[in-house]
Every structure is written in C-alpha cells, then in structure tokens.
Amino acid sequence: MQITFLGTSSGVPTRSRNVSSVALRLPQRAEMWLFDCGEGTQHQVLRSELKVSQLTRIFVTHMHGDHIFGLMGLLASCGLAGNVKHVDIYGPPDLEEYLKACRRYSQTHFSYPVKVHTVTPGVVYEDEEYTVSCQLLKHRVPAFGYRVIEKDQTGHFDVEKAAALGIPSGPLYGKLKRGEQVVLPDGRRVNGADFCGPTLTGRKLVYCTDTVFCDSAIELAQDADVLIHEATFAHQDAELAYQRLHSTSTMAAQVALAAQVQQLIITHLSPRYAPGNAIEPKDLLMEARSIFPNTEMAADFLTVNIPRRHQRSLSARKN
21 MQITFLGTSS GVPTRSRNVS SVALRLPQRA EMWLFDCGEG TQHQVLRSEL
71 KVSQLTRIFV THMHGDHIFG LMGLLASCGL AGNVKHVDIY GPPDLEEYLK
121 ACRRYSQTHF SYPVKVHTVT PGVVYEDEEY TVSCQLLKHR VPAFGYRVIE
171 KDQTGHFDVE KAAALGIPSG PLYGKLKRGE QVVLPDGRRV NGADFCGPTL
221 TGRKLVYCTD TVFCDSAIEL AQDADVLIHE ATFAHQDAEL AYQRLHSTST
271 MAAQVALAAQ VQQLIITHLS PRYAPGNAIE PKDLLMEARS IFPNTEMAAD
321 FLTVNIPRRH QRSLSARKN
C-alpha cells in the first residue's frame with residue numbers, strides 16, 4: 021500500500037499546493053484508488069509516477085468544490101484516452117445528480133462503465149483483500165471519512181519443510197498455504213498451519229476531511245497504521261475552526277492520540293499559512309507533534325509506503 025498526495029490545500033490551490041486529492045496505489049493488483057478529486061487532479065497525476073490507466077475507484081468525502089471539481093475532467097480524459105476499464109465512485113447522495121448534470125450539459129459520453137454508489141455509514145466496498153467503510157463526520161454539509169482495511173493474510177509458506185516431508189507440490193500446496201488440513205495420498209493428515217509463518221496483519225488507512233474534532237473520527241481511526249486528517253487551521257485560530265467546522269492541527273493530533281494510530285499525516289492546510297507568513301506550515305506541524313509526536317506534514321507529491329507491522333518491528337530492531 022502506497023499513498024501519494026496530489027493536493028494538500030484547503031479551499032483554493034496555491035503555487036505549491038493543489039486542492040484535495042490522495043491516491044492509494046495497490047501494486048500487487050495494479051490498481052489506484054483516489055480519495056477526493058479537486059480541480060486539477062488529473063494534472064497532478066500526470067506530474068507523478070502514477071498511472072491513470074490503473075484508476076478503478078474514487079471515494080468522495082463531500083460535495084464542496086475543492087473536493088469534486090476535478091472529477092469530470094479526469095473521467096472525461098480517461099474516456100478519451102481509452103485506457104480505463106471501469107470506475108466505481110463512492111460518495112454522498114448528491115454526487116450522482118451532480119455527475120449526471122455535468123455529463124448532460126457538457127455532452128460528455130464515457131466509453132467505459134462508470135457506476136456511482138451512494139454511501140451510508142458502514143461498509144461501502146469489500147472484496148477478498150480489502151474492506152472500505154465510512155463514517156459521517158461533522159462539517160457544514162454531509163461529509164464522510166473513509167477507512168480502508170487490508171484483510172489479514174496467511175504467513176509465509178515453508179516450501180522446503182513440505183518437500184522434506186514428501187508432500188507433492190500442486191493443489192495440495194495451495195490448500196496448505198490457506199491453513200487447511202489436508203489428507204495426503206499415503207493417508208497422512210497434515211495441518212497447513214504447521215507450514216505457515218505468523219499471520220500477516222492487514223494494514224489500515226483512514227482519511228478524515230472535512231471535519232471539526234468529533235467522536236466519529238476517533239472511532240473511524242481506531243488503531244490505524246496511517247491516519248490522514250485535515251488540519252486547516254493553527255491552534256490559535258480554533259475559533260475559526262469551530263465556526264467553519266474544520267480542524268486545527270491540535271484537533272487532528274488529539275484524534276490520532278485518542279485512536280492510538282501509528283502515524284498521523286496532516287493535510288488540507290489553509291493558504292493563510294503560506295511560508296513567509298506570521299504562521300507557517302512548519303508551525304502547524306510543531307503544534308501537532310506536541311500532542312502526537314509521530315506526525316508528518318503532507319505536501320503535494322509526497323509518497324508514503326505503509327509497511328506491515330511486523331516489517332516495521334524488524335526495521336526498528338535493525339536500527
């Protein structure tokens with residue numbers, strides 16, 4: 021699992037930050053999922069190492085323009101390029117009507133299937149490897165946070181041990197890899213669990229924006245490997261945050277601390293905190309770190325790999 025930030029500004033783009041979009045790349049299945057799609061997202065994809073041909077799913081948090089104005093441009097370009105097989109889009113109730121109106125008035129016709137799924141709190145997508153669920157956050161319009169869970173996987177299969185016991189390769193190995201009990205041709209009964217290493221714990225990614233501090237964000241973020249949380253305002257501008265139902269840097273950190281996440285990445289910064297101003301992005305980062313030390317500041321094109329927890333532990337021991 022690999023995250024690439026395509027837009028990290030709130031409201032309007034700046035010279036260094038585009039508006040909201042985050043890509044989740046799943047290399048093992050050659051797929052890319054997007055979370056939000058602000059204006060100019062397709063340009064950001066072109067400037068990155070991502071492949072738009074791998075786009076399969078888009079998860080939209082809410083209907084504010086800085087999170088959806090890039091949708092039609094991206095979808096139309098995918099159709100003209102002819103290299104996208106299908107796209108499933110998940111989002112609030114008005115999303116489907118918005119896209120229908122855009123298509124009707126621009127007379128845009130997609131050459132591939134596009135399906136819009138209206139989300140409600142709970143599971144919105146599931147397959148053999150992943151589950152995606154959402155929760156309603158606290159904003160001026162209905163806004164959803166998303167939680168991606170990678171399902172646990174069977175540990176490494178010890179081929180040498182199986183061969184040493186004379187177990188013939190082929191379909192039996194597949195059953196043993198899944199941890200099943202198998203009866204061999206000679207009548208022996210073997211347990212697949214005896215040939216597999218420790219279970220590989222699935223990773224958890226949570227995306228929360230736009231929202232003021234709320235309990236549902238904490239619930240959604242529980243035990244996440246990475247929490248991406250908006251931090252539109254600095255702590256001293258908390259009154260503005262409450263008025264506009266956005267989060268401060270310290271609110272994002274409090275969510276991360278309460279949810280016991282592994283890492284927090286703050287994003288969706290107000291342009292008022294541009295470098296050189298009285299308060300800069302680095303100040304918001306310091307504020308968040310004072311509460312939750314393992315915090316990073318998102319920047320456009322920042323790419324973060326999410327390691328498995330046993331890999332993280334091994335790396336820590338080596339260091």
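Numbering-wise, the sequence shown is residues 21 to 339 according to our numbering. From the three backbone atoms N, C-alpha and C, an ideal C-beta is built for every residue, glycine too.
| message | Cutting at 8 angstroms between CB atoms, please list the residues of its own chain near residue 319, excluding the five before and the five after it. | response | 25, 28, 36, 37
| Between residue 338 and the rest of its own chain, which residues show a CB-CB distance below 8 angstroms, the 5 nearest in sequence each way excluded? | With a pLDDT of 36 at residue 338, under the threshold of 50, the modelled position of this residue cannot be trusted; read the value that follows with caution. Contacts found: none.
| Alpha carbon to alpha carbon, what distance is there between residue 41 and residue 74? | 16 angstroms
| message | Quick check: residue 283 and residue 314, are their CB atoms within less than 7 angstroms of each other? | response | yes
| said: Within 8 angstroms, do at least three Cβ pairs link the region 84 to 104 to the region 121 to 136? | reply: yes
| Secondary structure at residue 156, three-state DSSP: helix, strand or coil? | strand
| message | Using a Cβ-Cβ cutoff of less than 8 angstroms, which residues in the same chain neighbour residue 64 once the five nearest sequence positions on both sides are dropped? | response | 26, 27, 38, 41, 320, 321
| Neighbour flag for residue 278 against chain B, beta carbons, 7 angstroms | No chain B is present in this structure, which holds just one protein chain.
| said: Nearest by alpha-carbon distance to residue 180: which of 193, 172, 168 is it? | reply: 193
| said: Quick test of your reading: residue 138 and residue 116, contact by CB under 8 angstroms. State the CB separation rounded to the nearest angstrom. | reply: 7 angstroms
| field | Buried/exposed call for residue 81, threshold 16 Cβ in 10 Å | value | buried
| query | Looking at residue 209 and the ligand MN, is the gap between the Cβ and the nearest heavy atom below 6 angstroms? | reply | This structure does not include the ligand MN; it has no bound ligands of any sort.
| field | Pick from 54, 122, 316, 185 that is closest to residue 272, judged by C-alpha positions | value | 316
| task | Could I get the ranges of all uninterrupted alpha helix (DSSP H) runs contained in the region 203 to 251, with 4 residues as the minimum, in chain order? | result | 235 to 241
| task | Give the C-beta separation of residue 253 and residue 290 to the nearest angstrom, bearing in mind that I take them to be a contact with Cβ-Cβ under 8 angstroms. | result | 6 angstroms
| task | Over the uninterrupted alpha helix (DSSP H) stretch that includes residue 67, give me the two end residues. | result | 61 to 67
| task | Starting from the N-terminal side, write out each stretch of the alpha helix (DSSP H) that is 4 residues or longer and does not extend beyond the region 260 to 338. | result | 269 to 279, 301 to 311, 329 to 338
| query | By Cβ distance, which residues of its chain are closer than 7 angstroms to residue 133, with the 5 residues on each side in sequence left out? | reply | 106
| task | Assuming residue 163 contacts residue 230 (C-beta within less than 8 angstroms), just tell me the rounded distance between them. | result | 5 angstroms
| request: Can you give me the Cβ contacts of residue 122 inside the same chain, cut-off strictly under 6 angstroms, excluding the 5 residues immediately before and after it? | output: 92
| query | Who are residue 43's beta bridge partners in DSSP? | reply | 24, 54
| Coarse secondary structure for residue 88, derived from DSSP in three states | helix
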